[in-house]
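Peer 1: Just dropping this structure here.
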Amino acid sequence: MHKSLKLDPNKCTGCLQCEMACAYQHHKTFNTSRSRIKIFSFEAEGRKVPYTCTQCDEAWCLHACPVEAIVRDAKTGAKVVLEDLCVGCKVCTVACPFGTVNYMAKTGKVQKCDLCAGDPACAKACPTGAITYVDADWTGLGKMRQWAEKTDTNPATV
Amino acid sequence: MSYTKKILRVNLTAGTCAAEPLNLEWAGLYLGQRGLATKYLAAEIDPKVDPLSPENKLIFATGPLTGTAASTGGRYSVITKGPLTGAIACSNSGGYFGAELKFAGWDMVIFEGRSERPVYLLLEDDQATLLDAAHLWGKTVWETEEMIKGAHQDPLMRVSSIGRAGENGVLFAGIVNDLHRAAGRSGVGAVMGAKNLKAFAVRGTRTDAYAVAEPEAFFKAVDAAKAVLAANGVTGQGLPAYGTQVLMNVINEVGALPTRNGSGVQFEGARDISGEAMHANRPTDGKPNLINHNGCFGCTIACGRISKMDPNHFSVKDKPQYHGASGGVEYEAAWALGAACGVNDLEALTYVNFLCNEDGMDPITLGSTIGAAMELYELGILTKEEAGLELPFGSAEALVKLGELTAKGEGFGKVIALGSKRLTAKYGRPELSMSVKGLEFPAYDGRGLQGMALEYATSNRGACHVRGYMVSPEVLGIPVKMDPAATEGKAPMLKAFQDLTAVVDSAGICLFTTFAWSADDIQSQIQPALGGDWPLDRLMQAGERIWNLERQFNLAAGFTAKDDTLPRRILTEAAKTGPYKGNVAELGKMLPEYYQVRGWTAEGVPTQETTVRLGL
Numbered sequence: 000m001h002k003s004l005k006l007d008p009n010k011c012t013g014c015l016q017c018e019m020a021c022a023y024q025h026h027k028t029f030n031t032s033r034s035r036i037k038i039f040s041f042e043a044e045g046r047k048v049p050y051t052c053t054q055c056d057e058a059w060c061l062h063a064c065p066v067e068a069i070v071r072d073a074k075t076g077a078k079v080v081l082e083d084l085c086v087g088c089k090v091c092t093v094a095c096p097f098g099t100v101n102y103m104a105k106t107g108k109v110q111k112c113d114l115c116a117g118d119p120a121c122a123k124a125c126p127t128g129a130i131t132y133v134d135a136d137w138t139g140l141g142k143m144r145q146w147a148e149k150t151d152t153n154p155a156t157v
Numbered sequence: 000m001s002y003t004k005k006i007l008r009v010n011l012t013a014g015t016c017a018a019e020p021l022n023l024e025w026a027g028l029y030l031g032q033r034g035l036a037t038k039y040l041a042a043e044i045d046p047k048v049d050p051l052s053p054e055n056k057l058i059f060a061t062g063p064l065t066g067t068a069a070s071t072g073g074r075y076s077v078i079t080k081g082p083l084t085g086a087i088a089c090s091n092s093g094g095y096f097g098a099e100l101k102f103a104g105w106d107m108v109i110f111e112g113r114s115e116r117p118v119y120l121l122l123e124d125d126q127a128t129l130l131d132a133a134h135l136w137g138k139t140v141w142e143t144e145e146m147i148k149g150a151h152q153d154p155l156m157r158v159s160s161i162g163r164a165g166e167n168g169v170l171f172a173g174i175v176n177d178l179h180r181a182a183g184r185s186g187v188g189a190v191m192g193a194k195n196l197k198a199f200a201v202r203g204t205r206t207d208a209y210a211v212a213e214p215e216a217f218f219k220a221v222d223a224a225k226a227v228l229a230a231n232g233v234t235g236q237g238l239p240a241y242g243t244q245v246l247m248n249v250i251n252e253v254g255a256l257p258t259r260n261g262s263g264v265q266f267e268g269a270r271d272i273s274g275e276a277m278h279a280n281r282p283t284d285g286k287p288n289l290i291n292h293n294g295c296f297g298c299t300i301a302c303g304r305i306s307k308m309d310p311n312h313f314s315v316k317d318k319p320q321y322h323g324a325s326g327g328v329e330y331e332a333a334w335a336l337g338a339a340c341g342v343n344d345l346e347a348l349t350y351v352n353f354l355c356n357e358d359g360m361d362p363i364t365l366g367s368t369i370g371a372a373m374e375l376y377e378l379g380i381l382t383k384e385e386a387g388l389e390l391p392f393g394s395a396e397a398l399v400k401l402g403e404l405t406a407k408g409e410g411f412g413k414v415i416a417l418g419s420k421r422l423t424a425k426y427g428r429p430e431l432s433m434s435v436k437g438l439e440f441p442a443y444d445g446r447g448l449q450g451m452a453l454e455y456a457t458s459n460r461g462a463c464h465v466r467g468y469m470v471s472p473e474v475l476g477i478p479v480k481m482d483p484a485a486t487e488g489k490a491p492m493l494k495a496f497q498d499l500t501a502v503v504d505s506a507g508i509c510l511f512t513t514f515a516w517s518a519d520d521i522q523s524q525i526q527p528a529l530g531g532d533w534p535l536d537r538l539m540q541a542g543e544r545i546w547n548l549e550r551q552f553n554l555a556a557g558f559t560a561k562d563d564t565l566p567r568r569i570l571t572e573a574a575k576t577g578p579y580k581g582n583v584a585e586l587g588k589m590l591p592e593y594y595q596v597r598g599w600t601a602e603g604v605p606t607q608e609t610t611v612r613l614g615l
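Protein chains in written order, with numbering that gives the first Met the number 0: chain L, 0 to 157; chain B, 0 to 615.
The following block contains the structure:
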């Protein structure tokens with residue numbers, strides 16, 4: 000079973016524990032500037048929104064890469080950057096419609112979410128359940144349940 | 000070891016920025032942030048300096064847990080000599096600024112001197128630059144932050160700045176970062192304004208600036224401590240749902256809610272301005288005041304209130320800039336702008352709180368000072384002609400108007416800007432200032448809570464709730480339930496709270512964790528972060544050392560035991576209602592014992608034995 004990161008902005012408080020966990024997992028630093036998941040603040044609406052790669056099936060970044068440095072991890076379905084092959088041309092950052100592949104000036108390589116080989120650090124670090132790692136086929140299950148709860152199925156009225 | 004081991008010294012007079020190594024010997028004694036910056040300040044300035052002169056210094060300091068995965072590990076403090084009090088001033092803020100400063104590779108930044116022209120500091124990793132701020136002068140915090148981020152095309156930059164209040168010398172001006180997190184109390188923003196320093200912008204991309212000493216042990220302790228916060232009723236449920244406003248109805252029922260400038264201890268309008276009221280749909284537009292709750296950097300509690308006003312409220316009717324979401328009222332602000340002024344209009348409170356964030360003012364002192372002005376007006380001492388408006392207790396219109404005038408530095412706002420001590424002295428009624436050492440006390444009445452009375456009287460930055468929160472034992476039963484009316488046992492408990500709080504404020508974490516965390520929970524995280532040997536007794540002794548250092552600074556600044564007192568009203572006018580009706584604050588029964596447990600003389604001076612024991 001493939002799993003997906005499920006992001007629920009309604010539960011996000013903007014604490015950045017996910018960004019720290021991501022940065023630490025991949026770069027052994029707490030510096031959130033190294034994180035592959037980002038929390039965006041929409042001040043006027045009072046909202047915090049997590050955003051990262053959704054792991055497209057037909058991934059633009061993967062197809063755009065001229066040196067085949069982005070490959071699909073068979074186990075997780077993640078599109079993973081092979082740093083040894085990456086030449087830092089940044090074409091993938093142009094190709095990605097969502098901006099979730101980014102270049103790092105300090106290493107000369109790009110980076111993107113790799114689902115931490117199937118155990119995403121961000122989801123583990125999130126204190127509110129705004130980031131979860133769930134069955135890829137059923138990311139809508141929670142919302143379905145919410146709506147299901149609203150339907151009137153009181154047995155007494157049948 | 001979780002320090003960057005580097006501090007930046009910015010001489011505003013000369014316009015220079017220079018890096019220097021952190022004094023690690025001092026760090027071993029004073030931990031970081033509040034404690035360590037106080038050590039630097041005490042070593043570098045004459046405690047008698049005029050706080051608004053170039054000879055005063057202004058220090059932005061992080062702690063060893065700032066910018067780590069420890070829950071709430073994003074705090075920084077601003078340390079200086081306070082203009083409102085003349086005492087040591089230390090104000091602590093959350094948001095994201097503190098962690099960013101650490102990411103840039105700095106434990107601390109010391110501002111000294113005074114710039115001839117308005118400037119702001121841009122700190123990008125190792126690169127420190129003082130830039131012209133002429134175009135920012137006269138702008139609010141909100142405008143300043145947007146303009147700086149825009150000018151440098153960097154939305155990831157974090158900005159800490161003063162608004163017009165700090166520029167205009169409002170003596171209780173604060174420094175605001177991330178739009179609505181503030182180093183709010185004791186006038187640190189006025190010192191920044193006097194230095195012609197408009198803002199401090201930082202961006203940190205360094206990954207090698209610091210690291211915890213023992214990562215495996217650190218993460219284990221951090222995860223365990225997060226679980227403690229999540230499982231605790233206050234930090235896991237109460238604070239996320241209601242913020243500190245969870246207290247409004249509780250403290251009112253206890254009979255410890257100072258009302259109408261301390262003339263009462265219970266407010267009949269408490270329910271209208273409570274955390275519960277923030278959740279309820281407004282009758283006017285059917286929407287709630289509270290729309291979300293946010294966390295600061297690293298915080299797994301997330302008590303921050305995010306509010307949206309009723310756009311048809313009289314205060315913002317034609318002002319669309321206040322119709323969006325922003326930082327809502329916390330308990331102390333709701334009390335000061337509400338109960339202390341007898342105002343029960345939650346929307347008016349929210350608006351004035353927005354103003355406090357927008358232009359950088361301490362809502363506690365603002366509300367308490369307006370409350371004092373209202374009492375002077377009710378007594379016929381302050382006239383409508385002089386104030387420019389009618390200001391009876393309960394007038395939301397007067398609260399709103401005075402908030403605006405103070406922020407802008409206009410009209411009677413220039414008098415409110417002086418704080419209640421100077422305001423009441425000006426009208427010959429100094430006893431009507433609800434302050435200690437010049438700082439207005441917050442939302443707990445010493446006639447109801449005897450331990451808080453002692454805390455107000457002895458707190459080093461003036462009357463304060465976040466130096467030794469005796470509400471925890473007296474109301475919440477943390478760590479043990481104490482009778483609020485009792486005086487026995489309060490002195491040693493307060494000492495323990497004050498010392499532990501000094502540790503928390505010096506470590507880079509938030510005081511609110513202590514609703515759930517024991518001293519051991521805190522020690523278990525500091526130890527692996529720092530490495531070496533940091534048992535609890537060393538930490539608590541560091542806390543005691545910090546407390547005594549602050550005390551020594553104040554004594555050298557000219558304070559004496561006579562200043563360890565309370566407003567006459569709290570000592571002599573008995574509570575008229577509530578469970579502690581008939582009570583006054585029994586300071587005389589507690590203070591001598593407090594001096595004794597502190598190892599101070601009867602005159603409140605640390606004995607030689609104490610200073611030697613603490614290595615002072």
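We treat Cβ as the ideally placed atom computed from N, Cα and C, and that holds for glycine.
Strictly under 8 Å for the Cβ-Cβ distance: is Y23 of chain L near chain B by that measure?
Peer 2: Closer than 8 Å to some Cβ of chain B, the Cβ of Y23 of chain L qualifies, so yes.
Peer 1: Are the C-beta of F102 of chain B and some C-beta of chain L separated by less than 8 Å?
Peer 2: Taking Cβ atoms only, chain L reaches closer than 8 Å to F102 of chain B, which makes this a yes.
Peer 1: Residues of chain B with CB under 9 Å from P126 of chain L, in chain order?
Peer 2: By Cβ distance, chain B contributes S70, K225, L228, A229, G294, C298, T299, I300, A301.
Peer 1: What are the start and end residues of the alpha helix (DSSP H) that includes K588 of chain B?
Peer 2: Per DSSP, K588 of chain B belongs to the alpha helix (DSSP H) from 586-597.
Peer 1: Going by beta-carbon coordinates alone, are P282 of chain B and K197 of chain B separated by less than 8 Å?
Peer 2: No, the Cβ-Cβ distance between P282 of chain B and K197 of chain B is not below 8 Å.
Peer 1: For P287 of chain B, which residues in the same chain have their Cβ closer than 8 Å to its Cβ, ignoring the five residues on either side in sequence?
Peer 2: If we look at P287 of chain B and ignore the five residues flanking it on each side, its Cβ neighbours are M277, H278, A279, N280, R281.
Peer 1: Taking any Cβ of chain B, which residues in the region 37-60 of chain L have a Cβ under 8 Å from it, in chain order?
Peer 2: Taking 8 Å as the Cβ-Cβ cut-off against chain B, the residues of the region 37-60 of chain L that qualify are E42, A43, E44, G45, R46, K47.
Peer 1: Measure from the alpha carbon of L586 of chain B to the alpha carbon of each residue in B:E454, B:V465, B:L499, B:I521, then state which is nearest.
Peer 2: Measuring from the Cα of L586 of chain B, the nearest candidate turns out to be B:E454.
Peer 1: Mind checking who G263 of chain B pairs with in its DSSP beta bridge?
Peer 2: Per DSSP, B:T258.
Peer 1: Let me know the secondary structure DSSP gives H322 of chain B once reduced to three states.
Peer 2: Here H322 of chain B sits in coil by DSSP.
Peer 1: Please confirm whether A645 of chain B and P126 of chain L have their CB atoms less than 8 Å apart.
Peer 2: Because chain B here runs from 0 to 615, residue 645 of chain B falls outside it and cannot be looked at.
Peer 1: Please classify A73 of chain L as buried or exposed, where buried requires at least 16 other C-beta atoms within 10 Å of its C-beta.
Peer 2: So A73 of chain L counts as exposed.
Peer 1: Pick out whichever of B:F199, B:N311, B:D358, B:T349 has its Cα sitting closest to the Cα of N616 of chain B.
Peer 2: Here chain B covers residues 0 to 615 and nothing more, so residue 616 of chain B does not appear.
Peer 1: Taking only three categories from DSSP, how would you classify L196 of chain B?
Peer 2: Strand at L196 of chain B.
Peer 1: I believe K47 of chain B touches A556 of chain B by the beta-carbon criterion, under 8 Å. Please report the beta-carbon distance rounded to the nearest angstrom.
Peer 2: The pair is a contact, with the Cβ atoms about 6 Å apart (cut-off 8 Å).
Peer 1: Using 8 Å as the limit for Cβ to Cβ distance, is R71 of chain L near chain B?
Peer 2: For R71 of chain L, the answer is no, since every Cβ of chain B falls outside 8 Å of its Cβ.
Peer 1: What residues are listed by DSSP as bridge partners for R35 of chain L?
Peer 2: None; R35 of chain L has no bridge partner.
Peer 1: Do the region 363-381 of chain B and the region 405-422 of chain B make contact, defined as three or more Cβ pairs closer than 8 Å?
Peer 2: Short answer: they touch.
Peer 1: Residue ranges of each alpha helix (DSSP H) run of no fewer than 4 residues wholly in the region 530-582 of chain B, ordered along the chain?
Peer 2: For the region 530-582 of chain B, whole alpha helix (DSSP H) runs of length 4 or above, ordered along the chain, are 535-556, 567-571.
Peer 1: Could you name the residues of the region 59-88 of chain B whose beta carbon sits closer than 7 Å to any beta carbon of chain L, in the order they occur along the chain?
Peer 2: Under the 7 Å Cβ criterion, the region 59-88 of chain B contributes G66, T67, A68.
Peer 1: Please list the terminal residues of the continuous beta strand (DSSP E) segment that includes Y39 of chain B.
Peer 2: First-last for Y39 of chain B: 32-43, but that is the alpha helix (DSSP H), not the beta strand (DSSP E).
Peer 1: Considering only residues of the same chain and omitting the five flanking positions on each side of P8 of chain L, which have a CB-CB separation below 8 Å?
Peer 2: Hits under 8 Å: R46, K47, V48, P49, A129.
Peer 1: So if I threshold CB-CB distances at 9 Å, which residues from the region 184-209 of chain B count as touching chain L?
Peer 2: Within the region 184-209 of chain B, the qualifying residues are R202, G203, T204, R205, T206, D207, A208, Y209.
Peer 1: Applying the 10 Å Cβ sphere with the 16-neighbour rule, what's the burial state of F39 of chain L?
Peer 2: Counting Cβ neighbours within 10 Å, F39 of chain L comes out exposed, since fewer than 16 surround it.
Peer 1: Measuring CB atoms only, is the region 310-320 of chain B touching the region 167-187 of chain B, in the sense that at least three cross pairs come out at less than 8 Å?
Peer 2: As far as the Cβ criterion goes, the region 310-320 of chain B does not touch the region 167-187 of chain B, which means the pair count is below three.
Peer 1: By a C-beta neighbour count over all protein chains shown, 10 Å radius and 16 as the cutoff for buried, is K480 of chain B buried or exposed?
Peer 2: Exposed: under 16 other Cβ atoms inside 10 Å.
Peer 1: Which of the three DSSP states is assigned to T128 of chain B in this structure?
Peer 2: Correct three-state label for T128 of chain B: strand.
Peer 1: Throw me the rounded Cβ distance for the C60 of chain L and K5 of chain L pair, which I believe falls under 8 Å.
Peer 2: With a Cβ gap of about 21 Å, C60 of chain L and K5 of chain L do not count as contacting.
Peer 1: Quick check on the DSSP output: what are the complete beta strand (DSSP E) runs of length 3 or more inside the region 353-390 of chain B, in order along the chain?
Peer 2: Fully enclosed beta strand (DSSP E) runs of 3 or longer: not present.
Peer 1: Measure the C-alpha to C-alpha separation of G467 of chain B and A240 of chain B and round it to an integer number of angstroms.
Peer 2: Cα to Cα, G467 of chain B sits roughly 24 Å from A240 of chain B.
Peer 1: Which one of B:A200, B:L129, B:M191 has the shortest CA to CA distance from G149 of chain B?
Peer 2: The residue with the shortest Cα to Cα distance from G149 of chain B is B:A200.
Peer 1: Go ahead and label T559 of chain B buried or exposed: buried means 16 or more other beta carbons lie within 10 angstroms of its beta carbon, across all protein chains shown.
Peer 2: Per the 10 Å Cβ criterion, exposed.
Peer 1: Would you say A324 of chain B reaches chain L, if we count a Cβ-Cβ gap shorter than 8 Å as a contact?
Peer 2: Yes, because at least one Cβ of chain L sits closer than 8 Å to the Cβ of A324 of chain B.
Peer 1: Which residue marks the beginning of the beta strand (DSSP E) containing D294 of chain B, and which one marks its end?
Peer 2: First, the amino acid is wrong: residue 294 of chain B is Gly here, not Asp. Where G294 of chain B is concerned, there is no enclosing beta strand (DSSP E), given that its DSSP letter is neither H nor E.
Peer 1: Could you spell out where the alpha helix (DSSP H) holding G27 of chain B opens and where it closes?
Peer 2: Element bounds for G27 of chain B: 23-29.
Peer 1: Since I29 of chain L meets chain B, which of its residues come closer than 7 Å, beta carbon to beta carbon?
Peer 2: The question names Ile, but residue 29 of chain L is Phe in the sequence shown. Near F29 of chain L (Cβ distances below 7 Å), the residues of chain B are G66, T67, A68.
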